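Protein chains in written order, with our numbering: chain A, 555 to 899; chain B, 555 to 899.
Idealized CB from N, CA, C, for every residue including glycine.
Owing to the predicted nature of the structure, the values given are computational and were not obtained by experimental measurement.
2 protein chains.
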Amino acid sequence: MEQLKVGEKDRFVFAAAGLEHGHINGMVGGLLEAGACCKWVWDPDPVKVKAFLEKFSQAKAARCLAEVLEDNEVRMVAAAAIPADRCALGVRVMESGKDYFTAKTPLTTLAQLEQAKAACVRTRRRYFCYFSERLRSECAIYAGELVKKGAIGRVIQVLGLGPHRLTAASRPEWFFKKQLYGGILCDIGSHQIEQFLYVTGAEDAKVVRSQIANYAHPETPELDDFGDAMLVADNGASGYFRVDWFTPDGLSTWGDGRTVILGTDGFIELRKNLNVATDPAGDHLFLVDKSGEHHLEASGKVGYPFFNQMIRDSLDGTETAMTQAHIFKAAELCVRAQNQAVRLS
Amino acid sequence: MEQLKVGEKDRFVFAAAGLEHGHINGMVGGLLEAGACCKWVWDPDPVKVKAFLEKFSQAKAARCLAEVLEDNEVRMVAAAAIPADRCALGVRVMESGKDYFTAKTPLTTLAQLEQAKAACVRTRRRYFCYFSERLRSECAIYAGELVKKGAIGRVIQVLGLGPHRLTAASRPEWFFKKQLYGGILCDIGSHQIEQFLYVTGAEDAKVVRSQIANYAHPETPELDDFGDAMLVADNGASGYFRVDWFTPDGLSTWGDGRTVILGTDGFIELRKNLNVATDPAGDHLFLVDKSGEHHLEASGKVGYPFFNQMIRDSLDGTETAMTQAHIFKAAELCVRAQNQAVRLS
C-alpha cells in the first residue's frame, strides 16, 4: 500500500493533452496521488477542458498543444485521444523530448506500431500505456504477486471476461467508427492481452483465433458488440478472452470482469468489479491451492504501485513499471487479433 | 421436482452391462428413481459386479452379455464401457432390440458414429447418452428453462469451464491410453459441447479451433491434462470451453465447474458443484438481467426430469428427453474437436 511520493528534488511535472475518453481522469489522478504535478491541460474542446479544470484545479489551460510541448519543465504528457490518433500524438510528444502516457488501447494499426517503435529509438523517450483493468485493480496486482511467488505453480492458462456497459447515448461519435476506435479486440481487448502476457510472463504470443460480431446493434453497424480470441504464448501457456458491450442494466457496476488463472498447482479467480449478487464492492480474489479454498479481499490492501514506478522509470530510465517491449507486444497482438478476426454476425 | 413414476402397466426393465466407469451408478440410480427396474448386471470383472450388487441388490448377475441381450423383458441396457468400446456395445444392444444408454462420451471415432447412426436406422432403437454435467445438474436444467423463457434474450455465447480432479492412482489403465479414452476433448469435453448445443438451440456447429496439452503429467504421456475449443453454431452463437485435470487438492469437490451464458438482455453464471470459498453446496445460478442481480439456489428445486423423459421416449418413440440428432451431433463435434486439436505441450 506504500506510495513512494516523488520527492521535491525529483519534482515530476506532467500535462494532460487529449481528453476524449474518461480514462484521462484515472491517469491524472494516479499521477497526482504518486506526487506528480499537473501543470497544463489541453484539448481542442473547451467544454472538456473546463470539466477537467473543475476536477484538477492545479492545472492551467494551454492555448495550444505547442505551448505544452515547448515547456521544458513538462516531463510527461498524459492523453486519452481518439484511439486512431494516439500514436501520432505520442510521436509528437516524444519528439518534443517528453515521455508519453496514453490511455489504452495504445494504437490501432501495425503501421502506427512501427512509427511508435521508431520514435522511441530515435527520441529515447517512452510510450507508456495505462492498462487500467490490471494497473488499477488491486486484486489483479495481488494475483500477479501470488503468481510470481509460485502460489499456483506454472501458469498454463489465463481466461478473461471483459464485459462492458454500452450506454450508447453517452458515447462520442468516434466510438462507433471502426477506423477511429480500432475494433473491440483492439480497444477493450487490449486489457485482456496485456494481462495475458503479464500473468504468463510471456514475451511473445500468437493469436490463433479471433472473432468479432455485431449481434444486437444494427443502428451502429461499425460497433463490434462482441469479440473473443485465443492466444498461445511462446512459453506454451494458452489464453482465451471474451469482451462485449452487453452488461445488463441490472448489474450494479459497469461490468462483471473476471480473470481465471489456471496453474499446475492451483487456480486464481478474480472478480474485479463486484462479487455478483453478493457484494457490490470489487477486488475479490479466490485462490484454490493444495491447502484449501481462500477468499481474499484485496481492496485497500495492495495499492497501485504502477504510477510511482512509471514516474521513476521516466526519471531514471529504468523499466520497473512495465517494459517498452511488453507494451508494444500487447499493442501488436491486439491489432493482429482485430485484423485477423472472423466476423460472426 | 415432480417425478412421473413409470406405472406398473409400463413396467420398464433394464440391465446394467459395462461397469468400467463410476458414472454407471448415477445412470442406474436415476433410472431406479424414475421407477424403472434393474433386472441384470453384467461385466467381465466379477469384482465390479459384486460392488454393483452391493449398491443395487435388486439386480442379478448375468452369466454373460448374451443372457442379458436375449431377455425380451429388458428394454434398455445402461453401460459405462471403455469409451472406445461404447459404440460396438451399443450396436450389439440395439441389434438385440433394446435401447442403449451409455455414459458419456458416447463414442470416440467418426467411423463409430457412422456405425451407430446406421444401427439406429436399421434397428429403430435409440442410442441415449448420459451427459451428466447438464442432466444431473439442477442449476443447469434451471438455466435451460430460463433461457427458453427468454430471460436473457438471444443467447450469443456459452462459456464453460470443466476442471476435474485427476486422482491418477484411482484410474484404470484405459484412462491413460488415448485410443481407449478418446482424448480430453472427446471425453470430458463432450459435456461442454452438448451443453453448448442445448443452450444455444443449435442443430449444427463448427469447431473453429481446438487445443490439447499434457502440461504436467509426463509419466502418462497419452493423457491430455488440458484441452480447450471454440465453436460457432449454425445460428451465429459462439462457444468456448476449457477442460482440464488440474483441480487442486484443496478444492472441496472434484471440480469448480462453471457455465456462463451471455445473452443480448442478460447473463447467467452457473457454479455447478460449489460456490468456491463460500458454500460447499452446488447448484448456484446467478442471473443478471435488466432488473438486477439474482442469486438462485437450484438445489432440491428443479429435479432431474431426464430419466423419466428418457423412459417415456423409449416406451413411446418420442424424443422429449433428447433427440437422437442432438446426441449424434454432440458426439460428432467432440470427435472433430479432438481430431483437429493442435497440441500445445
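Length of the line joining the Cα atoms of residue i and residue j
i, j, result
"E847(A)", "A635(A)", "43 angstroms"
"E556(A)", "T813(A)", "With a pLDDT of only 43 at E556(A), under 50, the local geometry of the prediction cannot be trusted, and the value read off the model is given with reservation. Approximately 25 angstroms, taken between the alpha carbons."
"M876(A)", "A852(A)", "22 angstroms"
"G576(A)", "K602(A)", "10 angstroms"
"K671(B)", "V647(B)", "14 angstroms"
"P598(B)", "P859(B)", "32 angstroms"
"I822(B)", "K614(B)", "44 angstroms"
"N893(A)", "I747(A)", "15 angstroms"
"D867(A)", "I578(A)", "20 angstroms"
"H745(A)", "T659(A)", "8 angstroms"
"I766(B)", "H838(B)", "29 angstroms"
"I738(A)", "D782(A)", "9 angstroms"
"Q669(B)", "V645(B)", "7 angstroms"
"I881(A)", "F682(A)", "7 angstroms"
"S724(B)", "T663(B)", "26 angstroms"
"G572(B)", "G580(B)", "13 angstroms"
"S650(A)", "E624(A)", "7 angstroms"
"W594(A)", "K844(A)", "52 angstroms"
"E757(A)", "F606(A)", "37 angstroms"
"Q711(B)", "L667(A)", "32 angstroms"
"S611(A)", "K604(A)", "10 angstroms"
"V528(A)", "D810(A)", "In this structure chain A extends from 555 to 899, so residue 528(A) is not present and cannot be described."
"F655(B)", "K760(A)", "42 angstroms"
"A588(B)", "C888(A)", "52 angstroms"
"K540(A)", "Y696(A)", "Residue numbering for chain A in the displayed model covers 555 to 899; residue 540(A) lies beyond these limits and cannot be assessed."
"E776(A)", "V896(A)", "14 angstroms"
"L898(A)", "M784(A)", "15 angstroms"
"A722(B)", "K731(A)", "53 angstroms"
"N626(A)", "A620(A)", "11 angstroms"
"W799(A)", "L751(B)", "23 angstroms"
"D788(B)", "Q733(A)", "29 angstroms"
Contact belief for residue i with residue j at Cβ below 8 angstroms, rounded distance in angstroms
i, j, result
"L824(A)", "A694(A)", "6 angstroms"
"V842(A)", "A791(A)", "Not really, about 19 angstroms apart at Cβ, beyond 8 angstroms."
"G736(A)", "P834(A)", "The pair is not a contact, with the Cβ atoms about 31 angstroms apart (cut-off 8 angstroms)."
"R676(A)", "K652(A)", "Actually they are not in contact, since the Cβ atoms of R676(A) and K652(A) sit about 14 angstroms apart, beyond 8 angstroms."
"F566(B)", "C592(B)", "The pair is not a contact, with the Cβ atoms about 10 angstroms apart (cut-off 8 angstroms)."
"I706(A)", "G820(A)", "4 angstroms"
"V753(B)", "G698(B)", "7 angstroms"
"L869(A)", "D564(A)", "6 angstroms"
"T496(A)", "R719(A)", "Since the first residue of chain A shown is 555 and the last is 899, residue 496(A) is not available in this structure."
Host beta strand (DSSP E) of residue i (start-end)
i, result
"C591(B)", "C591 to W596"
"I578(B)", "Where I578(B) is concerned, there is no enclosing beta strand (DSSP E), although the alpha helix (DSSP H) it sits in stretches over H577 to E587."
"G793(B)", "S792 to D798"
"T656(A)", "D653 to A657"
"G743(A)", "Run containing G743(A): none in the beta strand (DSSP E); it sits in the alpha helix (DSSP H), G743 to T754."
"Y681(B)", "Y681 to Y684"
"G698(A)", "Here G698(A) belongs to no beta strand (DSSP E); instead the alpha helix (DSSP H) covers E692 to K702."
"V761(A)", "A759 to A767"
"V830(A)", "Element bounds for V830(A): n/a, residue is neither H nor E."
"Q733(B)", "Counting along the chain, Q733(B) falls outside any beta strand (DSSP E), though it belongs to the alpha helix (DSSP H) covering K732 to Y735."
"P600(A)", "No beta strand (DSSP E) holds P600(A); the alpha helix (DSSP H) holding it covers P600 to K609."
"A665(A)", "Segment L664 to T677 is the alpha helix (DSSP H) holding A665(A); no beta strand (DSSP E) there."
Delimiting residues of the alpha helix (DSSP H) encompassing residue i
i, result
"M876(A)", "No alpha helix (DSSP H) holds M876(A); DSSP gives it neither H nor E."
"C641(B)", "R640 to E649"
"Q863(B)", "F860 to D870"
"Q894(B)", "First-last for Q894(B): undefined, no H or E at that position."
"F568(A)", "From DSSP, F568(A) is part of no alpha helix (DSSP H) but of the beta strand (DSSP E) over V567 to L573."
"Q711(B)", "Careful: Q711(B) lies outside any alpha helix (DSSP H), inside the beta strand (DSSP E) at V709 to P717."
"L623(B)", "L619 to L623"
Check: residue i C-beta below 7 angstroms from any heavy atom of the ligand MG
i, result
"D798(B)", "Among the components of this structure there are no ligands whatsoever, and the ligand MG is therefore not found."
For this session: Decide if the segment 786-796 of chain A is in contact with the segment 710-724 of chain A; the criterion is three or more beta carbon pairs, one per stretch, under 8 angstroms apart.
Result: yes
Exercise. Along the segment 759-777 of chain A, what residues have a CB closer than 8 angstroms to any CB found in chain B?
Worked result: If you check each beta-carbon in the segment 759-777 of chain A against every beta-carbon of chain B, the ones closer than 8 angstroms belong to V762, R763, Q765, A767, Y769 and A770.
Problem set entry | At least three beta-carbon pairs within less than 8 angstroms, the segment 684-699 of chain B to the segment 769-784 of chain B | no
Problem set entry | Residues, ordered as in the chain, of the segment 842-865 of chain A that lie near chain B by beta-carbon distance below 8 angstroms | V842, D843, K844, S845, G846, E847, H848 and H849
Exercise. When Cβ atoms are compared, which residues of the segment 690-712 of chain A fall closer than 9 angstroms to chain B?
Worked result: I706, G707, R708, I710 and Q711
Problem set entry | Near-chain A residues of the segment 813-827 of chain B - C-beta to any C-beta below 8 angstroms | V814, L816, G817, T818, D819, G820, F821 and E823
Problem set entry | Residues in the segment 784-810 of chain B having any Cβ partner in chain A nearer than 9 angstroms | Correct list: M784, V786, G790, A791, S792, Y794, R796, D798, F800, T801, P802, D803, G804, L805, S806 and D810.
Problem set entry | Chain-ordered residues of the segment 869-899 of chain A with a beta carbon less than 7 angstroms from chain B | L898 and S899
Exercise. Going along the segment 618-645 of chain A in order, which residues come within less than 8 angstroms of chain B, judged by CB to CB distance?
Worked result: none
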